[in-house]
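One structure below.
In this note's numbering, the protein residues as written are 226 to 809.
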């Protein structure tokens, strides 16, 4: 073997180093679809560049022919591996059956056989000689007929790979198009470089220098590796998750067009990809006002949509901005979550909690009624015996005074029983909603006792549910408060105002009666206030009383709440509301 140094050798050497390094990198990520085939392709390219470089520096014909024939291992296998890699990369592994792989390999194997036996048939090369007319000695030859079969077949396979990568790039959402684009440009560079040689243009006249094109191809792949995480499992896993997740995902680009929507979103909206992708968001989503509201600035909202079968489905919709690693905006992402089953479970749970709370409250009312009636009946029994004694002793005046007191006690007991019945009805009405129950109680109370009660509730609070335990206790606190107005305030009117203050529901009950001194209250008034405070504290709230003799009385109830849930039949609202801590 005779060698001839030329600086061109370093181009092939650099190409071999780059492709070898890329092959090692891809092999380390061989679990990603297409990475193993890409590693094999880079190994083939390394072999191609190395043998091409050795052919360049060989000075005699036998040595050049040896390295030229060895290059055919790369010539025939590279197109096949390109097709295999792109099929794997684009998710079409099912096409790679054993029979098809054998079929793809028939012409390459025949080509290798014909190259090494060319002296017997000249189907690959004819008129082989050492051509020293140029700057470097090259193999002079005329290509035989099978060479053109090999070229045509190779370009057919490379064209298939090109179309597959082009389709993958067009189908990918904008953030992931750089991955197939890097491979696409690398393949195109190699095809153009080799095509130029076939047309008579070459870096070294008379020699195929396609291996040099692996340098710019390597640059493109490196760009894909570090800029778009080519052959990184994370983007692949992320794309797989998005395609298979139950939540709908809509990607909107910076120009306000729909860039992608996953199968779940297409199913929820009844849209196909061609109907939506690439079109203006306003145009595509015009039938869904809630989605349009997100596009116009809202961050999250609720929606109720009707399916083709006439069923209503509840959805939670949220929007997130998309940006690159520099923080530059790329677009927006809308997430659609079907909350129908969650709402059903929540409604069932609330119904169960409400039932338990109502039953518990009925038991409490029954105990209170039993205790209070027991005391009243005991008092009446004692007083009746005393009246009999007074009458038998001829003390009619004293007996009349005792009887008057008995009439007063019986009247109060009758009023208490009627109030207990009102309370029981109100507790049962909680199944229709807190404010429905409260308004019903106030209406019956006003008609029965002639006390006008004004109720002030903001619209957003009317649509909320405070939780069964809170609602039951709050209703009983309000009942006790306005009952005290009837008994002690000597005023024909009262006012109840609901409001939300920093995550608390605040309820203020006030009247313009004669007031009392909270520090020196009657046992009956003190008992009522203690009951209200106990009820509020039972659900984490408090009651505060402000009153002055001869002036108004103000009771403030505050209760902390968790996340609010919507009232029956009302659209979903968001945060919690507070409660109040005042009573009489």
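Don't be surprised by glycine CBs; every beta carbon is placed ideally from N, CA and C.
Top-ranked residue by Cα proximity to residue i, from the options
i	options	result
residue 334	422, 271, 502, 304	304
residue 636	601, 319, 681, 502	601
residue 778	718, 764, 729, 724	718
residue 759	695, 723, 348	695
residue 297	312, 271, 558, 316	271
residue 325	309, 314, 315, 715	309
residue 344	294, 314, 315, 357	294
residue 445	247, 382, 543, 381	247
residue 762	772, 722, 702	702
residue 245	442, 288, 697	442
residue 420	405, 407, 383	383
residue 237	436, 504, 575, 396	436
Spatial distance of residue i from residue j (CA atoms)
i	j	result
residue 515	residue 525	9 Å
residue 571	residue 510	29 Å
residue 434	residue 274	9 Å
residue 686	residue 545	28 Å
residue 458	residue 254	Its pLDDT being 46, under 50, residue 458 is placed unreliably by the model, and the measurement read from it follows with that caveat. If you take the alpha carbons of residue 458 and residue 254, they lie about 8 Å apart.
residue 269	residue 278	14 Å
residue 227	residue 281	11 Å
residue 757	residue 689	23 Å
residue 768	residue 566	38 Å
residue 673	residue 664	14 Å
residue 370	residue 338	15 Å
residue 630	residue 730	42 Å
residue 262	residue 471	32 Å
residue 726	residue 783	9 Å
residue 243	residue 547	34 Å
residue 364	residue 424	17 Å
residue 733	residue 661	18 Å
residue 490	residue 527	16 Å
residue 542	residue 684	23 Å
residue 413	residue 553	30 Å
residue 342	residue 276	19 Å
residue 713	residue 523	51 Å
residue 803	residue 563	Bear in mind that a pLDDT of 30 at residue 803, under 50, signals an unreliable position, so the number given afterwards is only what the model happens to contain. About 29 Å.
residue 724	residue 675	26 Å
residue 508	residue 415	42 Å
residue 291	residue 556	56 Å
residue 438	residue 418	6 Å
residue 693	residue 764	10 Å
residue 781	residue 771	8 Å
residue 385	residue 518	44 Å
Own chain residues within Cβ distance below 6 Å of residue i, not counting five before or after
i	result
residue 720	679, 735
residue 372	349
residue 422	433
residue 355	286, 362
residue 375	336
residue 799	Confidence at residue 799 is low in this model, with a pLDDT of 31, below 50, so the placement of that residue is unreliable and no value is reported for it.
residue 737	716, 777
residue 320	312
residue 558	476, 545, 547
residue 568	539
Own chain, CB closer than 7 Å to residue i, minus 5 neighbours either side, in chain order
i	result
residue 378	332
residue 793	Note that residue 793 scores a pLDDT of 39, beneath 50, so its modelled location is shaky; the value from the coordinates is reported in the next line. Around residue 793: 658.
residue 366	350, 351, 352, 353
residue 506	477, 481, 482, 483, 520
residue 411	442, 445, 446
Whole-Å CB distance - residue i paired with residue j, under 8 Å assumed
i	j	result
residue 540	residue 561	6 Å
residue 634	residue 604	6 Å
residue 264	residue 251	4 Å
residue 440	residue 239	6 Å
residue 811	residue 607	A query on residue 811 cannot be resolved here, the shown segment of the chain reaching from 226 to 809 and no further.
8 Å Cβ shell around residue i - same chain, five flanking residues per side excluded
i	result
residue 774	739, 740, 741, 742
residue 409	387, 390, 391, 394
residue 529	537, 538, 539, 540, 796
residue 302	269, 333
residue 486	473, 474, 475, 476, 494, 496, 498, 501, 502
residue 616	624
residue 229	282, 283, 284, 361, 362
residue 513	494, 528, 530
residue 806	Only weak support is given to the placement of residue 806: the predicted model assigns it a pLDDT of 34, under 50, and the question is left unresolved by the model.
Residue i Cβ short of 6 Å to the ligand FMN heavy atom set
i	result
residue 771	You won't find the ligand FMN in this model; it holds no ligand whatsoever.
Within-7 Å CB hit, residue i to chain D
i	result
residue 734	This model lacks chain D altogether, as it is built from one protein chain only.
Within the region 385-446, note down every full alpha helix (DSSP H) run reaching 4 residues or more, in order along the chain.
403-423
Could you tell me which uninterrupted alpha helix (DSSP H) segments, each at least 4 residues in length, are contained entirely in the region 669-726, listed from first to last along the chain?
684-687, 693-709
Continuous beta strand (DSSP E) assignments of at least 3 residues falling wholly in the region 505-567
Qualifying beta strand (DSSP E) stretches, in chain order: 525-531, 537-548, 554-563.
Return the chain-ordered ranges of every alpha helix (DSSP H) run that is complete within the region 253-297 and spans a minimum of 4 residues.
260-282
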